[in-house]
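J.:
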Amino acid sequence: MDVVTRFAPSPTGNLHIGGLRTAMFNFLYAKRYGGRFLLRIEDTDLARSDAAYLESILQGLKWLSLSHDVLICQSANVNRHREVALELLNRGKAYHDNGAVRLKVNHDKPVKFSDLILGEISTDGNSINDVVILRSDGSPTYMLAVVVDDHDMGITHIIRGSDHITNTFTQKLIYEGMGWSLPNVAHIPLIHNEHGAKLSKRDGAVDVVDYKTMGILPEAMFNYLLRLGWSHGDKEIFSMQEAIDLFDITAVGKSPARFDREKLYSLNSHYISVLPPERIALEVRSFVGEKIVVSDSAFVAFVELFRKKCSSIVELKDSLRFCWCTYLCPEVNRILLQELLKLLENTDWTSGLQQVLKEYISLSGFSAKEVYTNLRMALIGQEHSPSVVEIMQIFGKDIVLQKLHDSLK
430 MDVVTRFAPS PTGNLHIGGL RTAMFNFLYA KRYGGRFLLR IEDTDLARSD AAYLESILQG
490 LKWLSLSHDV LICQSANVNR HREVALELLN RGKAYHDNGA VRLKVNHDKP VKFSDLILGE
550 ISTDGNSIND VVILRSDGSP TYMLAVVVDD HDMGITHIIR GSDHITNTFT QKLIYEGMGW
610 SLPNVAHIPL IHNEHGAKLS KRDGAVDVVD YKTMGILPEA MFNYLLRLGW SHGDKEIFSM
670 QEAIDLFDIT AVGKSPARFD REKLYSLNSH YISVLPPERI ALEVRSFVGE KIVVSDSAFV
730 AFVELFRKKC SSIVELKDSL RFCWCTYLCP EVNRILLQEL LKLLENTDWT SGLQQVLKEY
790 ISLSGFSAKE VYTNLRMALI GQEHSPSVVE IMQIFGKDIV LQKLHDSLK
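Numbering (my numbering) for the sequence shown: 430 to 838.
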C-alpha cells in the first residue's frame, strides 16, 4: 500500500505550534515509506477564511522544509460533497430536516475504531448526534467534506490531534454509509503548557510566526517539535533524513506533551553555535533593517565570535548592533584612549597586539578592567563582550584607530 497522508488546516487563523507538529508527523510518516504528503486547505468557511492566514500556513511549512506533493483547496470540491450527501440520502443513511440534510445515526449501536497510537476506542451510539452534513443553503459542513476529500484523495493515514476523536466516530459512520473503508487513524495527544493545561495564547507565543520573530531557527523548532511526544532512545538531535528514517507514529506517546520554552531555547542555542557562521549571519541580516557598515567577511567573523552564548537570533542581533549603528556610547576615559591611540598607531597588528595591551596595563596605572572596558565602549559601545583583541583584529587597524579617534571628539 502506498502511504498517503495529509495536513488539512483551515485558513481562519495563523498556523500554530500544534498544527505545525501535526504537519511534521504527517510529512515524516509519508516520507519514511516513500509515500506522498498532501496539503488540503479547508476553506469552505468563506466568511472567516483569509489569504493572509493561508500565507501563514504556507510560510510555516516552508520554514521547516515540509514540502507538500499536492495542494488542494476544499472549496473546489463543493459539488462532489453535495453529490455524496445526495447518495447518503438515497442509501437511507441521511434524512432531510428543515431544508438541511442530517446524518442518520443508529443510536443503539456502539461505534469503535482502532487508533495507531491509542489502540481500540469506542463510544455509545447515543453520544453521537445526527449532525448536519448539508446546510439548508446547499453548502456542505466540515464533517461531510473532510470524509469525501480524504476518500477521493486516497488518504491512507489520518494523523491529527486527539481533539478530533469525537469527529472520527461521526466520520466513520459517513464512511460506512458510503460503503468506504475508514483510513488508518492516529490521534496525537495535544500540547499542554507547563501546568498541564491546553497550550493557549495566554501562555505566550503560540503561532509559528511568533517564534520566527523571536529568533528561533527552523532546525531548533523542527527538533523540538519532533521530540514533543515522540523519541528514539536518548537521541536529541536529528537531521531531516534521520527523522524520516526513524520516525514511527506508533511510538508517539499517549499522554499530552508539555511545551518547555527553556528546552526550545537550549536547542536554539545549540544550532546557533554549530551551524556555519555564514548561515547564522544571513539569519541575523534578516532581522536588520539598516545597512551593515562592516565588510561581509568581518560581519561573519563577528557572528562567529559573538554567537556562542546566544539563545536566539534576536539576542545575537542585539549584541552585534555596532555593525550597523554608527553612534556609540561616549562615556569613555579620554586620557586612557588618547594614550592607547598613540600607542596603537605604531603597533604591528600582525602579531603581538595582546602583548602590547598587557605592557600598557602594567605601565599606565590603569587596571585591565579599565583598559578593556574603555576599548569595548569605544569600539562596540558595550561594557561586556568576547575578546577585545579578537574584536580589534576583525575590525583591522585602520577602523580601530578611526573608532578611537571618533570616541574622542
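Ideal Cβ placement from N, Cα and C applies to all residues, glycine included.
Please read these numbers as outputs of a predicted model, since none were measured by experiment.
Smallest Cα separation from K692: which of A730, N652, F676, V635?
T.: Considering only alpha carbons, the answer is N652.
J.: Is K491 helix, strand or coil when you go by DSSP?
T.: K491 falls in the helix class under three-state DSSP.
J.: At a Cβ threshold of 9 Å, is V534 touching chain B?
T.: Here chain B cannot be found, since the structure has a single protein chain.
J.: What runs of the alpha helix (DSSP H), each 4 residues or longer, lie entirely inside the region 535-565?
T.: List check, alpha helix (DSSP H) in window: nothing returned.
J.: Report the residue from C752, S740, K746, K738 whose alpha carbon sits nearest the alpha carbon of S726.
T.: That would be C752, whose Cα lies nearest to the Cα of S726.
J.: Please list, in chain order, all residues of the same chain as H661 whose beta carbon is under 7 Å from its beta carbon, the five residues on each side excluded.
T.: These residues qualify, in order along the chain: L675.
J.: Tell me whether M430 is buried or exposed, calling it buried when 16 or more other Cβ atoms sit within 10 Å of its Cβ.
T.: Looking at its Cβ environment, which holds fewer than 16 other Cβ atoms inside 10 Å, M430 is exposed.
J.: Helix, strand or coil: which one does DSSP assign to I588?
T.: Strand.
J.: My output table needs one value for C502: the three-state DSSP class, helix, strand or coil.
T.: Strand at C502.
J.: Among the candidates V432, V800, R450, F795, whose CA atom is the shortest distance from the CA of I620?
T.: I620 has its Cα closest to that of R450, out of V432, V800, R450, F795.
J.: Helix, strand or coil for D526, going by three-state DSSP, please let me know.
T.: Residue state, collapsed to three classes: strand.
J.: Closest to P569 by CA distance: which of L495, V614, L517 is it?
T.: Among L495, V614, L517, the Cα nearest to that of P569 is on L517.
J.: Less than 9 Å separating the beta-carbons of E623 and F688?
T.: Yes; because the gap between Cβ atoms is below 9 Å, this pair is in contact.
J.: With DSSP as the reference, label V761 as helix, strand or coil.
T.: Note: V761 maps to coil in three-state DSSP.
J.: By Cβ distance below 6 Å, which residues in the same chain neighbour P647 in space, the five residues on each side in sequence not counted?
T.: Same-chain partners within the cutoff: W492, L493.
J.: Applying the criterion that 16 or more other CB atoms from any shown protein chain within 10 Å of the CB defines a buried residue, is H445 buried or exposed?
T.: Classification of H445: buried, given that the 10 Å Cβ count is 16 or more.
J.: Judging by CA-CA distance, which residue of G447, L500, H813, S816 is the nearest neighbour of I470?
T.: The candidate whose alpha carbon is nearest that of I470 is L500.
J.: On the DSSP bridge assignment, give the partners of F466 in chain order.
T.: F466 pairs with T434.
J.: Starting from the Cα of W609, find the closest Cα among T597, H580, T595, G625 and give me that residue.
T.: The residue with the shortest Cα to Cα distance from W609 is H580.
J.: Measure the beta-carbon distance from K533 to A523 and round it to whole angstroms, keeping in mind my assumption that it falls under 8 Å.
T.: Between A523 and K533 the Cβ distance is about 6 Å, and since that is below 8 Å, they are a contact.
J.: Buried or exposed: where does N535 fall if 16 or more other Cβ atoms within 10 Å of its Cβ makes it buried?
T.: Exposed.
J.: Taking Cβ to Cβ, would you say G658 is nearer than 9 Å to A686?
T.: Yes.
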